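Below is one structure; the comments refer to it alone.
Protein chains: 2
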Amino acid sequence: MPSDLKTLEHARLDLDHFLPYRLSILSNRASDAIARHYSDRFGLSVPEWRIIAVLGQTPGMPARDVAQRTAMDKVQVSRAVASLVDARRVKRDGDDADGRITRLSLTTKGRVIYDEVVPLALHLEEIFLAALTPAERKTLNALMDKLTDRISHLHVISSQSE
Amino acid sequence: MPSDLKTLEHARLDLDHFLPYRLSILSNRASDAIARHYSDRFGLSVPEWRIIAVLGQTPGMPARDVAQRTAMDKVQVSRAVASLVDARRVKRDGDDADGRITRLSLTTKGRVIYDEVVPLALHLEEIFLAALTPAERKTLNALMDKLTDRISHLHVISSQSE
DNA sequence: ACCCAATAGTTTCATATGAAACTATCCCCT
DNA sequence: AGGGGATAGTTTCATATGAAACTATTGGGT
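Shown next, in the form of structure tokens:
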């Protein structure tokens, strides 16, 4: 749709300088580096680890809210919770007022994992961030906020041109 | 396990402030926003789009090099290339000197896509980056480089050669 | 009171992905 | 020359993932 596309028609694209690609590389490396640790240690997948993280902080959450807090969809949450319940790391309780809702919380076993995995994650994050000064960290966070906001609020961009 | 983990034992972890999680959200949103466009328009997957991007820039690459340039593994490349060849968007040529190598390049059909999809991608990137001033963009790139380097060098990355 | 659209969560099915095995070719070493 | 190991690329198999269908329950409108 934008007519200035024409002016770019023969522009070159180098993946190494293309923001979405760079973000993907960085994000994957960071996630993998951390995931390896908690996967080795507890056999947790990324969805499982996220669920444990939010339930440790806020027990008794309905699955719906867990999904929202972890940016996962309800299918992912349902499956990861099933596996965590299987392993007796999470328990489900019915809601008194609403029969559709199941309230989720960590079992003792789940809390033991939480208490060990959270410091591990924070420690690894700290190792990454050691590459940056405190001022740089603040800047990075601010820039990421701006970008995330921007991209989230684009909804539907141009769609179809010509 | 480092002993200073003990001092963090009861630290809280809030996903919203956890760098790997933040990166994951931002990266996924950016990729999805762009992927939607070229998927709608050409039915390209992310691996396919990356391959087209590097072949448009550097025709005649062996699959191995494409894998390295796109940060994908050789299985992913093999599959995406197969699908692109199927659609007559990419062609394979044998290497004169080394029978194991297949040299990849865009067909005319592939180049038509490249010529349309590259400006589109750059345009969308520009829309994202409109959230930042030129100075901020430079800073963001520098910070991402630092982090990526740091994380990459923490441990041996699995994958393939090198 | 009762219908029925909306919501919570699960299951199903079709596809994507990754690890490891496999095929073909090459190169180094004696 | 000619093995043995390395390399390029493909295939296989087992698992992960997402979209859409499905079940159960709720709450609002008439």
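Going down the list, the protein sequences come from chains U and Y. Here my numbering is used: the first residue of the first sequence is 1450, the next is one more, and so on. Here my numbering is used: the first residue of the second sequence is 1450, the next is one more, and so on. Quick reminder that beta carbons are idealized off the backbone N, C-alpha and C, glycines included. Every value quoted in this text rests on a predicted model; they were computed, and no experiment measured them.
Contact under 9 angstroms by Cβ, residue i with residue j
i, j, result
"Arg1461 (chain U)", "Met1593 (chain Y)", "no"
"Val1524 (chain Y)", "Val1515 (chain Y)", "no"
"Gly1559 (chain Y)", "Arg1528 (chain Y)", "no"
"Arg1552 (chain Y)", "Met1510 (chain Y)", "yes"
"Leu1596 (chain U)", "Phe1577 (chain Y)", "yes"
"Arg1494 (chain Y)", "Ser1532 (chain Y)", "Checking the displayed sequence, the identity of residue 1494 (chain Y) turns out to be Ser instead of Arg. Cβ distance < 9 angstroms, so Ser1494 (chain Y) and Ser1532 (chain Y) count as in contact."
"Glu1574 (chain U)", "Leu1468 (chain Y)", "yes"
"Ala1512 (chain Y)", "Val1534 (chain Y)", "no"
"Met1521 (chain U)", "Arg1490 (chain U)", "no"
Partners in chain Y for residue i, counting only beta-carbon separations shorter than 7 angstroms
i, result
"Ile1562 (chain U)", "Going along chain Y, no residue has its Cβ under 7 angstroms from Ile1562 (chain U), so there is no contact; the nearest lies around 13 angstroms."
"Leu1555 (chain U)", "Residues of chain Y passing the Cβ test: none, with the nearest at roughly 13 angstroms."
"Val1503 (chain U)", "Leu1464"
"Lys1595 (chain U)", "Ala1580 and Leu1581"
Which of helix, strand or coil DSSP assigns to residue i
i, result
"Ser1601 (chain Y)", "helix"
"Pro1568 (chain Y)", "helix"
"Leu1553 (chain U)", "strand"
"Gly1505 (chain Y)", "helix"
"Ser1480 (chain U)", "helix"
"Arg1586 (chain Y)", "helix"
"Asp1542 (chain U)", "strand"
"Met1510 (chain U)", "strand"
"Arg1499 (chain U)", "helix"
"Ser1608 (chain U)", "Here the model assigns Ser1608 (chain U) a pLDDT of 36, short of 50, so the residue's position is not dependable, and the following value carries that caveat. Residue state, collapsed to three classes: coil."
"Arg1485 (chain Y)", "helix"
"Met1593 (chain Y)", "helix"
"Gly1559 (chain U)", "helix"
"Leu1468 (chain U)", "helix"
"Arg1537 (chain Y)", "coil"
"Leu1493 (chain U)", "coil"
Beta-carbon separation (whole angstroms), residue i vs residue j, contact threshold 8 angstroms
i, j, result
"Leu1464 (chain Y)", "Thr1519 (chain U)", "7 angstroms"
"Leu1569 (chain Y)", "Tyr1487 (chain Y)", "7 angstroms"
Interface partners of residue i on chain Y, CB under 8 angstroms
i, result
"Gln1525 (chain U)", "Simply none; closest approach about 13 angstroms."
"Glu1574 (chain U)", "Phe1467, Leu1468 and Pro1469"
Within chain Y, the residues that residue i reaches when beta carbons sit closer than 9 angstroms
i, result
"Thr1588 (chain U)", "Glu1585, Thr1588, Leu1589 and Leu1592"
8 angstroms Cβ cut-off: residues of chain U touching residue i
i, result
"Arg1478 (chain Y)", "Thr1597, Ile1600 and Ser1601"
**Asked** Taking one C-beta from the stretch 1560-1577 of chain U and one from the stretch 1501-1510 of chain U each time, how about it: are there three or more such pairs within less than 8 angstroms?
**Response** yes
**Asked** Within the chosen definition, does the stretch 1480-1490 of chain U reach the stretch 1477-1497 of chain Y through at least 3 CB pairs nearer than 8 angstroms?
**Response** no
**Message:** Counting beta carbon pairs with one atom in the stretch 1571-1586 of chain U and one in the stretch 1575-1586 of chain Y, are three or more of them shorter than 8 angstroms?
**Reply:** no
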